[in-house]
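> Right, I'll just put the structure down here and ask away after.
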Amino acid sequence: MSEWNTRKAADLYGINYWGANFFRINEQGNVEVKPAGTTGPGLDLHNLVQDLQERGIRMPILLRFPDIIKSRIELLAGCFSRAIEEAKYTGVYRGVYPIKVNQQKHLVEEILEFGQFHRMGLEAGSKPELLISLAQMDTPNALIVCNGFKDQEYIEMALIAQKLGRNTIIVVDRFSELQMIINASKRLSIRPQIGFRAKLSTSSSGRWAETSGSKSKFGLTPSEIVRGVECLRGENMLDCLQLIHFHIGSQIPSIQNIKAAIKEGARFFTEIYAMGANLKYIDVGGGLGVDYDGSGRSDSSTNYSEQEYANDIVAVLQSVCDEKKIPHPDIISESGRALVAHSTALVFDVLGHNENALNEFTLPNADKESRLVQDLNDIYRSLNEKNINEYYNDLVEKKRDTLQLFTYGVLSLEQRAKAEDLFRAIATKMVSIAKQNPDMEEIRYALEQELSDIYFCNFSVFQSLPDSWALDQLFPIMPIHRLNERPERRAILVDLTCDSDGHINNFIDIETGGEQKYLEVHELKQGQPYYLSVFLTGAYQEILGDLHNLFGDTDAVHVSLTENGYQIDHVVEGDDVKEVLQYVEYHRADLLERVRKATESSILKGTISRSEARLLLEHYERGLSSYTYLTEESAVPFYPQKKELSHGTNGTDHTVHQ
Ligand SMILES: *Cc1c(COP(=O)(O)O)cnc(C)c1O
621 MSEWNTRKAA DLYGINYWGA NFFRINEQGN VEVKPAGTTG PGLDLHNLVQ
671 DLQERGIRMP ILLRFPDIIK SRIELLAGCF SRAIEEAKYT GVYRGVYPIK
721 VNQQKHLVEE ILEFGQFHRM GLEAGSKPEL LISLAQMDTP NALIVCNGFK
771 DQEYIEMALI AQKLGRNTII VVDRFSELQM IINASKRLSI RPQIGFRAKL
821 STSSSGRWAE TSGSKSKFGL TPSEIVRGVE CLRGENMLDC LQLIHFHIGS
871 QIPSIQNIKA AIKEGARFFT EIYAMGANLK YIDVGGGLGV DYDGSGRSDS
921 STNYSEQEYA NDIVAVLQSV CDEKKIPHPD IISESGRALV AHSTALVFDV
971 LGHNENALNE FTLPNADKES RLVQDLNDIY RSLNEKNINE YYNDLVEKKR
1021 DTLQLFTYGV LSLEQRAKAE DLFRAIATKM VSIAKQNPDM EEIRYALEQE
1071 LSDIYFCNFS VFQSLPDSWA LDQLFPIMPI HRLNERPERR AILVDLTCDS
1121 DGHINNFIDI ETGGEQKYLE VHELKQGQPY YLSVFLTGAY QEILGDLHNL
1171 FGDTDAVHVS LTENGYQIDH VVEGDDVKEV LQYVEYHRAD LLERVRKATE
1221 SSILKGTISR SEARLLLEHY ERGLSSYTYL TEESAVPFYP QKKELSHGTN
1271 GTDHTVHQ
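The sequence shown begins at 621 in the working numbering and counts up by one.
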């Protein structure tokens, strides 16, 4: 076998493809984050994670890098400025951040701070999000685009907010909202800025596509738009109609889809303009994709760059408007995923593993065993390159027989156990034979899947990666250290929940752009923690996460790079057990009281001693205040020994504010 190095590790995990220049492998074989891109400073994630643990921050840790958000905001604004300048387009670009993609306060604040220079605004999709926008945003001139279901209160707030200097545009998502806006505006004597959301016929492909055409949930049909324009004209309010909006879904994999949607949307714009509305803005929605797998050809990827996205939008709008001799509108985009996905990574530790491969198996007294076990033993002993195909088929058949014979009461549990150990031993041997011969690729692939180890990981898929569970979305996952060692094992990952869906068994296959059923990982070493990280988790995952099995929010830290190291801007503590219990209405005092009563009556009955009762109550109380995930103290099964504390990691100077 050829020598292993970090370049091979980078190829294996595809970090140079999905990493978008923010992540790389350093000479120490650790993952390094470079929030300003290739030329900026770097920070070793493995060192960082150790530093954080010394400070008492617990695994799993959500790492947020605000500097990456800054880079992404600048990238997108830069792409649009370049496109606009080169095309001599006469409108400007105004991004708005859709709050629903990640509502965390610190993150929204960072977006507004970094976006100020680019007049970055906000998009609210609900009343609570409007409340956030009104309180948080004071960038002069930046827009607040008000989408979603609206009631009178929502509309009145959006109108009055104009008096605070907030530049709100109320987008009519459903026809009935138009009359509500007109009425509220008359009541308050405030002239609204109105947008129409158009239902496009063009649809996107992929997992995140919105329903298009007449079935879509939001947007006005052509006939509603025509009626809406007439209605506004009748009220002498046609000048209030300033914006046309559409959104065909998130994570659009193909630039052809995007161009088609912009073309259709631009035609809505020019037609409504021609009807006499003095439109100023076209809002092209979200959908700008993130390359999660680096392939450039799957639904988790994109076949275009951010620059092509901007170029195509500008070019299409320009040509459609020029053709109708209509002034170029300002361009609003509502990119959420593309701005924040890269900024967050979830790091967790592996608690232990089950091995499925079996390198040696001996039956001391084969003739005493059942026929089935004897047959399997013969296969195991006489297996070679010549008979492997035939034996593979036998193996599949015998596996079926085993289960049947067991169910019908013919095979004992002990015999079944031996049979299954033999399967593993045979499969292990078959894989090593098949590896020598490219013609046996199929057998090898099928068996390697079955022989993958199970790595038990300290996190919850449901809490931290809901899209992995619900949509089978692939996220890049890899170890953050030991990358200068060849990863000798293949594993699927299972989480702490007791749900059989709480696992990850689909991974990016960089070579083919498809999926593979295992992740290449390193052998666990006794006494040494092993850390894996899921990358690009900044969009949608946090708020969709749920409390399955009552695993709560993880600890989260905001880390910024400084000239000579890094600093921690915020630590957001994860939930403790009593907090998640409260979500489902169990309260600490009440729970303690009940357990205390139970111990009292058992002391009276003499079934528990006083000191046992005290121990139980102490554990119970401590349990209520503990983290919902496994900490070093609480983990029993295989947890590596306490690590030696390393001091002064790469001489950095870290300050903690908060
Ligand atoms: C969700 C949503 C977005 C964000 O889309 P991304 O693909 O994350 O950029 C933008 N606009 C609307 C109307 C949305 O519903």
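For each residue, glycine too, the CB sits at the ideal point set by N, CA and C. In this text, all values refer to a predicted model and were calculated from it rather than measured experimentally.
1. Residues in the same chain with beta-carbon distance under 6 Å from Ser1072, minus the five sequence neighbours each way, listed in chain order, please.
2. Under 7 Å Cβ to Cβ from Phe685, same chain only, skipping five residues before and after it: list those, please.
3. Nearer than 6 Å: is that true of the beta carbon of Gly885 relative to any heavy atom of ligand 1?
4. On the DSSP bridge assignment, give the partners of Phe968 in chain order.
5. Is Gly839 near ligand 1, in the sense that its beta carbon is under 6 Å from a heavy atom of that ligand?
6. What would DSSP say about Arg853, mapped onto helix, strand or coil?
7. From which residue to which residue does the alpha helix (DSSP H) around Tyr1240 run?
8. Which residue's Cα is closest to the Cα of Phe838: Leu632, Asn767, Gln772, Lys783?
9. Using a Cβ-based criterion (distance less than 6 Å to any ligand heavy atom), does Glu928 qualify as near ligand 1?
10. Could you tell me the alpha carbon to alpha carbon distance between Pro1149 and Leu1094, rounded to whole angstroms?
11. DSSP on His962, reduced to helix/strand/coil?
12. Apply the 10 Å Cβ neighbour rule to Glu797 and answer buried if 16 or more other Cβ atoms are within range, or exposed otherwise.
13. What would DSSP say about Val651, mapped onto helix, strand or coil?
14. Which same chain residues, not among the five before or five after Ala804, have their C-beta less than 7 Å away from its C-beta?
15. At a threshold of 6 Å, does Ser843 count as lining ligand 1 (C-beta to nearest heavy atom)?
16. Taking the DSSP output, what are the residues bridged to Ser921?
17. Between the Cα of Leu1067 and those of Leu978, Thr1027, Asp998, spot the shortest distance and give me the residue it belongs to.
18. Quick one: any contact between the region 713-729 and the region 747-765, if contact means 3 or more CB pairs under 8 Å?
19. How many angstroms separate the CA atom of Val765 from the CA atom of Leu732?
20. Compute the beta-carbon to beta-carbon distance between Ser1246 and Val1191, rounded to the nearest angstrom, for a pair I have assumed lies under 8 Å.
21. Gly1172 and Leu1219 - do their beta-carbons sit closer together than 7 Å?
22. Do you know whose CA, among Asn898, His1207, His948, lies nearest Ile704's CA?
23. Beta-carbon separation of Leu936 and Ile892 under 7 Å?
24. Return the Cβ separation of Leu632 and Ile1130 in integer angstroms, given the expectation that the two are a contact with Cβ distance under 8 Å.
25. With DSSP collapsed to three states, give me the class of Met740.
26. I'd like to confirm something about Glu954: is its beta-carbon nearer than 6 Å to some heavy atom of ligand 1, or not?
27. Could you give the DSSP three-state label for Pro1099: helix, strand or coil?
28. Name, in chain order, the residues that DSSP records as bridge partners for Phe1076.
29. Ordered along the chain, which non-local residues of its own chain (more than five positions away) have a Cβ less than 8 Å from that of Val1215?
30. Is it buried or exposed for Phe769, if we count other Cβ within 10 angstroms and need 16 for buried?
31. Please state the DSSP three-state secondary structure of Thr1048.
32. Let me know the secondary structure DSSP gives Pro1257 once reduced to three states.
33. In this structure, how does DSSP classify Arg827 when only helix, strand and coil are distinguished?
34. Exposed or buried, Ile1046, counting other C-beta atoms within 10 Å across all chains shown (16 or more means buried)?
35. When you measure from the CB of Gly1147 to every non-hydrogen atom of ligand 1, does any distance come out below 6 Å?
36. Taking the alpha-carbon of Glu989 as reference, which of Val970, Asn1009, Leu1033, Gly972 has the nearest alpha-carbon?
The structure says:
1. Along the sequence shown, read from residue 1 onward, the residue named residue 1072 stands at position 452. Taken in chain order, the residues that qualify are Arg1110, Ala1111, Ile1112, Tyr1138.
2. The count along the sequence shown starts at 1 and reaches residue 685 at position 65. Closer than 7 Å at Cβ, skipping near neighbours: Val653, Pro655, Ser963, Val1179.
3. Within the sequence shown, residue 885 is the residue found at index 265, counting from 1. No; taking the cut-off as 6 Å, the Cβ of Gly885 has no heavy atom of ligand 1 nearer than that.
4. As a first step, residue 968 is located in the sequence shown; it is residue number 348 there, counting from the start. Answer is Leu1152, bridged to Phe968.
5. Position 219 of the sequence shown, counting from 1, holds the residue named residue 839. Between ligand 1 and the CB of Gly839, the shortest heavy atom gap is not smaller than 6 Å.
6. Locating residue 853 in the sequence shown gives position 233, where the first residue counts as 1. Residue state, collapsed to three classes: helix.
7. Within the sequence shown, the letter at position 620 stands for residue 1240. Per DSSP, Tyr1240 belongs to the alpha helix (DSSP H) from 1230-1245.
8. Position 218 of the sequence shown, counting from 1, holds the residue named residue 838. The residue with the shortest Cα to Cα distance from Phe838 is Asn767.
9. Position 308 of the sequence shown, counted from the first residue, corresponds to residue 928. Because no heavy atom of ligand 1 lies under 6 Å away, the Cβ of Glu928 does not count as near it: no.
10. Mapped onto the sequence shown, residue 1149 falls at position 529. Mapped onto the sequence shown, residue 1094 falls at position 474. Near 25 Å, if we compare the C-alpha coordinates of Leu1094 and Pro1149.
11. Taking the first residue of the sequence shown as position 1, residue 962 is located at position 342. Helix.
12. Position 177 of the sequence shown, counted from the first residue, corresponds to residue 797. The Cβ neighbour count for Glu797, taken over all protein chains shown within 10 Å, is at least 16; the residue is labelled buried.
13. What you label residue 651 is simply residue 31 of the sequence shown in a count that begins at 1. Val651 carries a strand assignment under DSSP once its states are collapsed to helix, strand and coil.
14. In the sequence shown, residue 804 corresponds to position 184, counting from 1. Contacts found: Gln772, Ile775, Glu776, Leu779.
15. Indexing the sequence shown from 1 puts residue 843 at position 223. Not so, every heavy atom of ligand 1 lies at least 6 Å from the Cβ.
16. Residue mapping note: residue 921 aligns to position 301 of the sequence shown, counting from 1. Ser921 pairs with nothing; no bridge assigned.
17. Locating residue 1067 in the sequence shown gives position 447, where the first residue counts as 1. Comparing C-alpha distances from Leu1067 to each of Leu978, Thr1027, Asp998 shows the shortest one belongs to Leu978.
18. Contact holds between the region 713-729 and the region 747-765, because three or more Cβ pairs, one in each stretch, are under 8 Å apart.
19. Sequence index remark: in the sequence shown, residue 765 carries index 145 (1-based). Sequence index remark: in the sequence shown, residue 732 carries index 112 (1-based). For Val765 and Leu732, the distance between alpha carbons rounds to 15 Å.
20. Walking along the sequence shown from the start, residue 1246 turns up at place 626. Walking along the sequence shown from the start, residue 1191 turns up at place 571. Between Ser1246 and Val1191 the beta-carbon gap is near 17 Å, outside 8 Å, which marks them as no contact.
21. The residue labelled residue 1219 in the question sits at position 599 within the sequence shown. The residue labelled residue 1172 in the question sits at position 552 within the sequence shown. According to the sequence displayed, residue 1219 carries Thr and not Leu. No, they are not a contact pair.
22. Here residue 704 corresponds to residue number 84 of the sequence shown, with the count starting at 1. Cα-wise, what sits closest to Ile704 is His948.
23. Along the sequence shown, read from residue 1 onward, the residue named residue 936 stands at position 316. Along the sequence shown, read from residue 1 onward, the residue named residue 892 stands at position 272. The question names Leu, but residue 936 is Val in the sequence shown. No, the pair does not count as a contact, with Cβ atoms beyond the cut-off.
24. Here residue 632 is taken as the residue at index 12 of the sequence shown, counted from 1. Here residue 1130 is taken as the residue at index 510 of the sequence shown, counted from 1. Going by Cβ atoms, the distance from Leu632 to Ile1130 rounds to 7 Å, so yes, they are a contact pair.
25. The residue you call residue 740 lines up with position 120 of the sequence shown. Residue state, collapsed to three classes: coil.
26. As a working mapping, residue 954 is identified with position 334 in the sequence shown. Because some heavy atom of ligand 1 lies under 6 Å away, the Cβ of Glu954 counts as near it: yes.
27. Here the question's residue 1099 lines up with position 479 in the sequence shown. In this structure, Pro1099 counts as strand in the three-state DSSP scheme.
28. By 1-based counting over the sequence shown, the position of residue 1076 is 456. Beta-bridge pairing links Phe1076 to Gly972, Val1114.
29. Residue numbering aside, residue 1215 sits at position 595 when the sequence shown is read from its first letter. The beta carbon of Val1215 lies closer than 8 Å to those of Leu1236, Leu1237, Tyr1240 in the same chain, with the five residues before and after it left out.
30. Translated into positions along the sequence shown, residue 769 becomes position 149. Classification for Phe769: exposed.
31. Stepping through the sequence shown from its first residue, residue 1048 is reached at position 428. Helix, per DSSP.
32. As a first step, residue 1257 is located in the sequence shown; it is residue number 637 there, counting from the start. Confidence at Pro1257 is low in this model, with a pLDDT of 44, below 50, so the placement of that residue is unreliable and no value is reported for it.
33. For the purposes of this step, residue 827 is taken as the residue at position 207 of the sequence shown. Residue state, collapsed to three classes: coil.
34. Taking the sequence shown and counting its residues from 1, the one referred to as residue 1046 is at position 426. Classification for Ile1046: buried.
35. As a working note, residue 1147 is residue 527 in the sequence shown. Every heavy atom of ligand 1 is 6 Å or more from the Cβ of Gly1147, so no.
36. As a working mapping, residue 989 is identified with position 369 in the sequence shown. Out of Val970, Asn1009, Leu1033, Gly972, Leu1033 has the C-alpha closest to the C-alpha of Glu989.
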